[in-house]
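Enquirer:
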Ligand SMILES: Nc1ncnc2c1ncn2[C@@H]1O[C@H](COP(=O)(O)OP(=O)(O)OP(=O)(O)O)[C@@H](O)[C@H]1O
Ligand SMILES: [Mg+2]
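Numbering (the UniProt record's numbering), first residue to last: 1 to 416.
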């Protein structure tokens, strides 16, 4: 509701409350000014008594109306009583027709039924038309005709005003309904907006947390595949050095340890800069894999071969790096845990995917009963899997104690 609407409602409430007093006062003042219209003493006393009665009725209604929210039987009875008083007062002095006009003003507020409202307005028009015709009792016969004519005019005016008032009320009600609907829509929109904002904040938080977890996994895999793998090799070489008395053997293994350290450092630097593994700088993936497998076989004295199936296609560098890292870790595991005599690495290019299998004929293990991850190990398998998943691929480990191990990776084929 607008401020103008509220102001209008307030003024209308004032009119409804005070108009019977104002109109009664107007009638009283005019009748005092023209005392010749009520010459008889008895009539004057009756007038005063009726004015007092009208005032008492008005004071009572002033209290009674506060308890009511709309028209009811009591308000209708008040209307009827006031009308009766106004008719008798108008009979005694036509100026009290002003008081009878109250029925025009508040019949809608006092009478519930629409038809009875019309009847109330018509009833109020009777003393008014009678007063306009010269006051009752009529002295001349033509006054009756005049009364009838005035009654018609009064009611025609009432009907016309009533028509416009009703239309205006309907329009106001429609406007209020539209405004109410708009307010409801606005509230719903605001609520949806608030919910969206909360959801967005939650999503952002989740995304950030997921990002942190993902980044931690990526770093764990990088550290594992560069520094940790290198350290494992270096420790193995140094253990040989500490256990041998032969200076030549010791020298050879120290050299290998130094080469491993240099290699690991280089790989760690490259991974920090997000560069491809050093093995892929000059070679294609099949070449790099062939070299890694040969080097591994030489280093560990285990038979290992590399097989290429399908036509080698150029892959996106992320895929090549992923497959090389996975091979390196699978080979490291085979050396560390399998005790195998034979290892095979197969790279296959298919229409829409590329697969990599690393098999050994070693002691195998139960993938569902992995030893608890310790501070020094247990990151390899998970690192391989998360590397594959990061490029929308998958990794499965098939193994059984006594039956070797197969690590299979499938990646959707993505060209550079
Ligand atoms: N080829 C394999 N043959 C036998 N057991 C294996 C093989 N690969 C993995 N395992 C078993 O699975 C476990 C988990 O391997 P994973 O690579 O995750 O950890 P890790 O090699 O022990 O340590 P890290 O790789 O972190 O240095 C190993 O400890 C080992 O018991
Ligand atoms: Mg490992």
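Glycine is no exception: its CB is placed at the ideal position from the N, C-alpha and C atoms. Nothing here was measured: the structure is a model prediction, and the numbers come from that model.
1) Specify, as a first and last residue, the run of the beta strand (DSSP E) that residue 353 falls within.
2) Anything with a beta carbon under 5 Å from a heavy atom of ligand 2 counts; list them all in chain order.
3) Can at least three beta-carbon pairs, one atom from the region 206-222 and one from the region 232-240, be found at a separation below 8 Å?
4) Determine, using beta carbons only, whether residue 413 and residue 352 come nearer to each other than 7 Å.
5) Can you tell which of 81, 129 and 80 has the C-alpha that lies nearest to the C-alpha of residue 95?
6) Please report how far the alpha carbon of residue 384 lies from the alpha carbon of residue 323, in whole angstroms.
7) Per the DSSP calculation, residue 412 is bridged to which residue(s)?
8) Start and end of the alpha helix (DSSP H) containing residue 92?
9) Is the distance from the Cβ of residue 259 to the Cβ of residue 300 below 7 Å?
10) Residue 274: buried (16+ other C-beta within 10 angstroms of its C-beta) or exposed?
11) Any heavy atom of ligand 1 closer than 6 Å to the beta-carbon of residue 405?
12) Go ahead and label residue 277 buried or exposed: buried means 16 or more other beta carbons lie within 10 angstroms of its beta carbon, across all protein chains shown.
13) Is it buried or exposed, residue 215, if we count other Cβ atoms within 10 angstroms and call 16 or more buried?
14) Need the endpoints of the alpha helix (DSSP H) that residue 304 sits in, please.
15) Can you tell me whether DSSP reads residue 268 as helix, strand or coil?
16) Tell me which residue opens and which closes the alpha helix (DSSP H) that residue 417 is part of.
17) Using a Cβ-Cβ cutoff of less than 8 Å, which residues in the same chain neighbour residue 372 once the five nearest sequence positions on both sides are dropped?
18) Considering only C-alpha positions, which residue in the set 65, 153 and 126 is nearest to residue 111?
19) Are the Cβ atoms of residue 327 and residue 267 separated by less than 7 Å?
20) Provide the residue(s) that pair with residue 398 in DSSP beta bridges, ordered along the chain.
21) With contact counted as at least three CB pairs below 8 Å, one residue from each stretch, are the region 279-293 and the region 234-248 in contact?
22) CA-CA distance, residue 21 and residue 123?
23) Taking the alpha helix (DSSP H) that residue 274 belongs to, which residues open and close that run?
24) Round the Cβ separation of residue 340 and residue 404 to the nearest angstrom and send it over; I've been treating them as touching at under 8 Å.
25) Please return the same chain residues whose Cβ sits closer than 8 Å to the Cβ of residue 304, not counting the five positions on each side in sequence.
26) For residue 341, which of helix, strand or coil comes out of DSSP?
27) Cutting at 8 Å between CB atoms, please list the residues of its own chain near residue 257, excluding the five before and the five after it.
28) I need the DSSP call for residue 313, collapsed to helix, strand or coil.
29) Spatial neighbours of residue 363 within its chain, please: CB distance less than 7 Å, with the 5 preceding and 5 following residues excluded, ordered by chain position.
30) Distance check for residue 357 and residue 394, CA to CA, integer angstroms please.
31) Looking at ligand 1, does it come within less than 6 Å of residue 395, judged from the CB to the closest heavy atom?
32) Terminal residues of the continuous alpha helix (DSSP H) containing residue 36?
33) Since residue 407 and residue 391 are thought to touch, with beta carbons under 8 Å apart, how far apart are those beta carbons, to the nearest angstrom?
34) Measure the CB-CB distance between residue 78 and residue 91 and report whether it falls below 7 Å.
35) My understanding is that residue 289 touches residue 306, with C-beta atoms under 8 Å, so please give their C-beta distance in whole angstroms.
36) With distances taken from CA atoms, which of 57, 386 and 49 is nearest residue 219?
Expert: So, to answer that:
1) In the chain shown, residue 353 corresponds to position 353, counting from 1. Taken as a continuous stretch (DSSP letters only), the beta strand (DSSP E) holding residue 353 covers 353-360.
2) Qualifying residues come out as 333 and 380.
3) With a cut-off of 8 Å, the region 232-240 and the region 206-222 do not count as touching, because too few Cβ pairs lie within range.
4) Residue 413 sits at position 413 when you count from the first residue of the chain shown. Residue 352 sits at position 352 when you count from the first residue of the chain shown. Contact flag set, yes.
5) As a first step, residue 95 must be located in the chain shown, where it is residue number 95. Answer by Cα proximity: 129.
6) The count along the chain shown starts at 1 and reaches residue 384 at position 384. The count along the chain shown starts at 1 and reaches residue 323 at position 323. Roughly 9 Å separates the two Cα atoms.
7) One-based indexing of the chain shown puts residue 412 at position 412. Beta bridge pairing from DSSP links residue 412 with 353.
8) In the chain shown, the residue the question calls residue 92 occupies position 92. Here the alpha helix (DSSP H) through residue 92 covers 73-92.
9) Here residue 259 is taken as the residue at index 259 of the chain shown, counted from 1. Here residue 300 is taken as the residue at index 300 of the chain shown, counted from 1. Cβ distance not < 7 Å, so residue 259 and residue 300 don't count as in contact.
10) On the chain shown, position 274 is the one that residue 274 refers to. Under this definition residue 274 is an exposed residue.
11) Here residue 405 corresponds to residue number 405 of the chain shown, with the count starting at 1. Correct: residue 405 has its Cβ closer than 6 Å to ligand 1.
12) Indexing the chain shown from 1 puts residue 277 at position 277. Its Cβ being crowded by 16 or more others within 10 Å, residue 277 is buried.
13) The count along the chain shown starts at 1 and reaches residue 215 at position 215. A residue is called buried when at least 16 other Cβ atoms come within 10 angstroms of its Cβ; residue 215 does not meet this threshold and is exposed.
14) As a working note, residue 304 is residue 304 in the chain shown. Note, residue 304: premise wrong, no alpha helix (DSSP H); beta strand (DSSP E) at 303-309.
15) Counted from its first residue, the chain shown places residue 268 at position 268. Three-state result, residue 268: helix.
16) Because the chain spans 1 through 416 in this model, residue 417 falls outside it and cannot be assessed.
17) By 1-based counting over the chain shown, the position of residue 372 is 372. Closer than 8 Å at Cβ, skipping near neighbours: 378.
18) Against the chain shown, residue 111 aligns to sequence position 111. That would be 65, whose Cα lies nearest to the Cα of residue 111.
19) Your numbering for residue 327 matches position 327 in the chain shown. Your numbering for residue 267 matches position 267 in the chain shown. At a Cβ-Cβ threshold of 7 Å, residue 327 and residue 267 do not count as neighbours.
20) In the chain shown, counting from the first residue as 1, residue 398 sits at position 398. DSSP output for residue 398 lists 406 as bridge partner(s).
21) No contact exists between the region 279-293 and the region 234-248.
22) If you number the chain shown from 1, residue 21 lands on position 21. If you number the chain shown from 1, residue 123 lands on position 123. Approximately 20 Å between the Cα atoms of the pair.
23) For the purposes of this step, residue 274 is identified with residue 274 of the chain shown, where counting begins at 1. Taken as a continuous stretch (DSSP letters only), residue 274 belongs to no alpha helix (DSSP H), as it is neither H nor E.
24) As a first step, residue 340 must be located in the chain shown, where it is residue number 340. As a first step, residue 404 must be located in the chain shown, where it is residue number 404. The pair is a contact, with the Cβ atoms about 7 Å apart (cut-off 8 Å).
25) For this step, residue 304 is matched to residue 304 along the chain shown. Shown here for residue 304: same chain residues with a beta carbon closer than 8 Å to its own, the five before and five after excluded, namely 293, 294, 296, 297, 331, 342, 343, 344 and 345 in chain order.
26) Start at 1 with the first residue of the chain shown, and residue 341 comes out as number 341. Reduced to three states, the DSSP call for residue 341 is coil.
27) Here residue 257 is taken as the residue at index 257 of the chain shown, counted from 1. Only 233, 234, 237, 238 and 241 meet the Cβ criterion.
28) Residue mapping note: residue 313 aligns to position 313 of the chain shown, counting from 1. Three-state DSSP puts residue 313 in coil, outside helix and strand.
29) Looking up residue 363 in the chain shown gives position 363. If we look at residue 363 and ignore the five residues flanking it on each side, its Cβ neighbours are 338, 339, 401 and 402.
30) Reading the chain shown from its first residue, position 394 is the one you call residue 394. Reading the chain shown from its first residue, position 357 is the one you call residue 357. Residue 394 and residue 357: Cα-Cα distance of roughly 12 Å.
31) Numbered from its first residue, the chain shown carries residue 395 at position 395. Of the heavy atoms belonging to ligand 1, none sits nearer than 6 Å to the Cβ of residue 395.
32) Translated into the one-based positions of the chain shown, residue 36 becomes position 36. For residue 36, no alpha helix (DSSP H) encloses it, and the DSSP letter there is neither H nor E.
33) Working through the chain shown from its first residue, we reach residue 407 at position 407. Working through the chain shown from its first residue, we reach residue 391 at position 391. The beta-carbon distance between residue 407 and residue 391, rounded to whole angstroms, is 16 Å. This is too long to meet the 8 Å contact definition.
34) Within the chain shown, numbered from 1, the residue matching residue 78 stands at position 78. Within the chain shown, numbered from 1, the residue matching residue 91 stands at position 91. The answer is no: Cβ separation not under 7 Å.
35) Residue numbering aside, residue 289 sits at position 289 when the chain shown is read from its first letter. Residue numbering aside, residue 306 sits at position 306 when the chain shown is read from its first letter. Contact holds; Cβ gap of about 6 Å.
36) Indexing the chain shown from 1 puts residue 219 at position 219. Checked all of 57, 386 and 49; the closest Cα to residue 219 is 386.
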